[in-house]
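**Q** To convert, note that position 16 of the sequence shown is 15 in numbering that gives the first Met the number 0; the numbers rise steadily by one, no gaps.
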Amino acid sequence: MTIVFFIYLLQLFASTNAALTFLNLTAISTTNGESTLECWQLSDPFTVSNQAGTTGTAVQQLGNVANASYVVLPARFDGGLHNAPAVQYVAFLSGLAHITLPNSNQEAWVRGGRNGLLIAADTAAVSKEGHITEYPSNTETTALQIPIAEGTLPEHKVLYAGPCSRREMKV
Ligand SMILES: *[C@@H]1O[C@H](CO)[C@@H](O)[C@H](O)[C@H]1NC(C)=O
Ligand SMILES: *[C@@H]1O[C@H](CO)[C@@H](O)[C@H](O)[C@H]1NC(C)=O
């Protein structure tokens, strides 16, 4: 009886934890004037929505944003070496982006869809050269670009250097 109750408590604890999971996303960040790739975990956890239409489901706040644009990149487009135009979320909806760095062999492959959200923060104010983005797929790549208000980075912790792996992107 005691053991059964203990197992019940463990399960309760596990499910409570699952509800409080954190969103991880790849960041194009900067160290000493060079762009880098990092896996970030946002400090605000998912919460339970109480909004009409999504009541009871997991929701992650992304903070105040400035505006939004929808971009369509042709098949095999080469975005070249550039700085992030503003500190912004980029949500790839379809296609494929390949991000590389001028002075490092770090790279990220970002497929459009469920795990397509990243944050680009290597603006000209902080990164000398920026990063290179190519879109190698045979179809168009589509994305939402959403600059963050005032360029304020969301509270986060760096999980590790390099892009987030699939293990960190379960939702
Ligand atoms: C969107 O916001 C960014 C960042 O504040 C700004 O640089 C850009 O000019 C804005 N774009 C438009 C169309 O307002
Ligand atoms: C974020 O990463 C942590 C550490 O690996 C993991 O426990 C958590 O489940 C991840 N979150 C999601 C939504 O995948």
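Just so you know, even glycine gets a beta-carbon here, dropped at the ideal spot from N, CA and C.
For the beta strand (DSSP E) that contains P84, what are its first and last residues?
**A** Note, P84: premise wrong, no beta strand (DSSP E); not H, not E.
**Q** Measure from the alpha carbon of V64 to the alpha carbon of each residue in E167, I147, K169 and L116, then state which is nearest.
**A** Selected option, being the one with the closest Cα: I147.
**Q** Apart from the five residues on each side of it in sequence, which residues of its chain come closer than 7 Å, Cβ to Cβ, to T54?
**A** Only S48 meet the Cβ criterion.
**Q** Could you check whether L116 and L24 sit closer than 7 Å to each other, using their CB atoms as the reference points?
**A** A contact, by the Cβ cut-off of 7 Å.
**Q** If you compare alpha carbons, which of L72, G94, D121 and V86 is closest to V109?
**A** Closest option to V109, Cα to Cα, is G94.
**Q** What does the alpha-carbon distance come out to for the pair K127 and A51?
**A** Going by the C-alpha atoms only, they are around 45 Å apart.
**Q** Could you name the residues of the same chain whose beta carbon sits closer than 6 Å to that of G111, not counting the 5 residues immediately before and after it, in chain order?
**A** Excluding positions up to five away in sequence, the list reads F91, L92, S93 and G94.
**Q** Specify the secondary structure class of R113 as computed by DSSP and reduced to three states.
**A** Residue state, collapsed to three classes: coil.
**Q** Within 6 Å: the Cβ of N66 and any heavy atom of ligand 1?
**A** Yes, the beta carbon of N66 sits closer than 6 Å to at least one heavy atom of ligand 1.
**Q** Buried or exposed for Q60, please, with buried defined as at least 16 other CB atoms from any protein chain shown within 10 angstroms of its CB.
**A** When all chains shown are included, Q60 counts as exposed.
**Q** Should V157 be counted as a contact of ligand 2 given a C-beta to heavy atom distance under 6 Å?
**A** For ligand 2, not one heavy atom lies less than 6 Å from the Cβ of V157.
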